[in-house]
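Student: Quick one: this structure, given as structure tokens, is what I'll be asking you about.
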Amino acid sequence: MVHAHELLPFILAVLALFVIPGPAVLLILTQSLGRGRAAGVATAAGLALGDAVHAAAAALGLTALLASSATLFGAVKWLGVLYLLFLAVQAWRDRTPLVLPDGSATPQGSRHPARQVSRAALTEILNPKTALFFLSFLPQFVRPERSAVLPQMLILGGVFVLLSLVYCAALALLSGRLSGWLRSRPAVLRWQGKVVAGVYVALGLRLALQGRD
99 MVHAHELLPF
109 ILAVLALFVI
119 PGPAVLLILT
129 QSLGRGRAAG
139 VATAAGLALG
149 DAVHAAAAAL
159 GLTALLASSA
169 TLFGAVKWLG
179 VLYLLFLAVQ
189 AWRDRTPLVL
199 PDGSATPQGS
209 RHPARQVSRA
219 ALTEILNPKT
229 ALFFLSFLPQ
239 FVRPERSAVL
249 PQMLILGGVF
259 VLLSLVYCAA
269 LALLSGRLSG
279 WLRSRPAVLR
289 WQGKVVAGVY
299 VALGLRLALQ
309 GRD
């Protein structure tokens, strides 16, 4: 098992990672500013769910198969790219307004939180670089001489997911407060779908250009 005092270095390392904005931050900002706080929090939950899958896969040794197979890595990566491009097309064609006059999320944007969760989770799961990150990051804090590796990996993965969820949800809530600012800017509303589509395309291109190293 992992002792409480041994978690401090791990927690500090995770928090240091959060300081550097990544694709997850961009995705949350896009959704919370575009659809309101509920959509942002749902996206944060989906990303945390995807991280939980990766953490469990790393603990169970499944990610090692991904790391050792260029074919499998490429297949997962290109599935992720295609999925992001699919989301980009949907966002481009979306005509749903950003917010209501009172600054709250539109009914169309808030009535399917499960869809927001599943989209974010799939986006995270279909990123093989995230899988390799967990495979390389978690073992650095495992002490095999203390106890079995699997429980330690699962505990560390759970702590990471919890911290990620809290951080991302807080980011969504804070940025979602700015959604009301968009009310008085019709030009921003008109370009909503195109901006979101551009974010998905950028994430897809970033993933397409990534290698295993």
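The sequence shown maps to residues 99 to 311 in my numbering.
Every residue, glycine too, gets a C-beta built ideally from N, C-alpha and C.
All values reported here derive from a predicted model rather than from experimental measurement.
Since residue 183 and residue 296 should fall inside the 8 Å C-beta cutoff, what is the C-beta to C-beta distance between them, to a whole number of angstroms?
Tutor: Between residue 296 and residue 183 the Cβ distance is about 12 Å, and since that is not below 8 Å, they are no contact.
Student: For residue 107, which residues from the same chain have a beta carbon less than 8 Å from its beta carbon, with the 5 sequence-adjacent residues on both sides left out?
Tutor: Here the set comprises 239.
Student: Leaving aside the five residues before and after residue 214 along the sequence, list all residues of the same chain whose C-beta is less than 6 Å from its C-beta, in chain order.
Tutor: Around residue 214: 137, 140 and 141.
Student: By how many angstroms is the C-alpha of residue 149 removed from the C-alpha of residue 160?
Tutor: Each residue's Cα considered, the two are about 14 Å apart.
Student: Please return the same chain residues whose Cβ sits closer than 7 Å to the Cβ of residue 151, not counting the five positions on each side in sequence.
Tutor: Correct list, in chain order: 223.
Student: So residue 112 and residue 258 are in contact, right, with Cβ under 8 Å, and what is the actual spacing, rounded?
Tutor: Confirmed, Cβ separation roughly 6 Å.
Student: Taking contact to mean 3 or more Cβ pairs, one atom from each stretch, closer than 8 Å, check whether the region 257-273 and the region 125-135 are in contact.
Tutor: They touch, by the three-pair rule.
Student: Please report how far the alpha carbon of residue 300 lies from the alpha carbon of residue 119, in whole angstroms.
Tutor: Roughly 15 Å separates the two Cα atoms.
Student: Could you please give the first and the last residue of the uninterrupted alpha helix (DSSP H) stretch that includes residue 164?
Tutor: Note, residue 164: alpha helix (DSSP H), 160-166.
Student: Of all the options 306, 266 and 308, which has the alpha carbon lying nearest to the alpha carbon of residue 124?
Tutor: When only C-alpha atoms are compared, the closest one is 266.
Student: Quick one: what does DSSP say residue 240 is sitting in, helix, strand or coil?
Tutor: It is coil, neither helix nor strand.
Student: Cβ of residue 261 within 9 Å of Cβ of residue 109?
Tutor: In this structure, residue 109 lies closer than 9 Å to residue 261 by Cβ.
Student: Please return the same chain residues whose Cβ sits closer than 6 Å to the Cβ of residue 308, not counting the five positions on each side in sequence.
Tutor: Excluding residues within five positions, the ones whose Cβ falls inside 6 Å are 227.
Student: Taking the alpha carbon of residue 189 as the point to measure from, which residue in 305, 304, 178 and 292 has its own alpha carbon closest?
Tutor: When each option's Cα is compared against that of residue 189, the closest is 292.
Student: Could you tell me the alpha carbon to alpha carbon distance between residue 247 and residue 255, rounded to whole angstroms?
Tutor: So the two alpha carbons sit approximately 12 Å from each other.
Student: Give the range of the alpha helix (DSSP H) segment to which residue 122 is assigned.
Tutor: Taken as a continuous stretch (DSSP letters only), the alpha helix (DSSP H) holding residue 122 covers 121-133.
Student: Quick one: is residue 163 buried, meaning 16 or more other Cβ sit within 10 Å of its Cβ, or exposed?
Tutor: Exposed.
Student: What is the rounded straight-line gap between the Cα of residue 216 and the Cα of residue 104?
Tutor: Taking the straight line from one Cα to the other gives about 33 Å.
Student: Leaving aside the five residues before and after residue 208 along the sequence, list all residues of the same chain whose C-beta is less than 6 Å from its C-beta, in chain order.
Tutor: A caution first: residue 208 carries a pLDDT of 49, below 50, which makes its placement in the model unreliable, though a value can still be read off. Hits under 6 Å: 136.
Student: Is the CB-CB distance between residue 146 and residue 233 below 9 Å?
Tutor: No, these two residues do not count as a Cβ contact at 9 Å.
Student: I'd like to check one pair, residue 143 with residue 218: are the Cβ atoms closer than 9 Å?
Tutor: Yes, the pair counts as a contact, with Cβ atoms nearer than the cut-off.
Student: Straight-line CA distance for residue 225 to residue 243?
Tutor: One C-alpha to the other measures close to 32 Å.
Student: Rank 179, 235, 167 and 157 by C-alpha distance to the C-alpha of residue 114 and give the top, closest one.
Tutor: Among 179, 235, 167 and 157, the Cα nearest to that of residue 114 is on 235.
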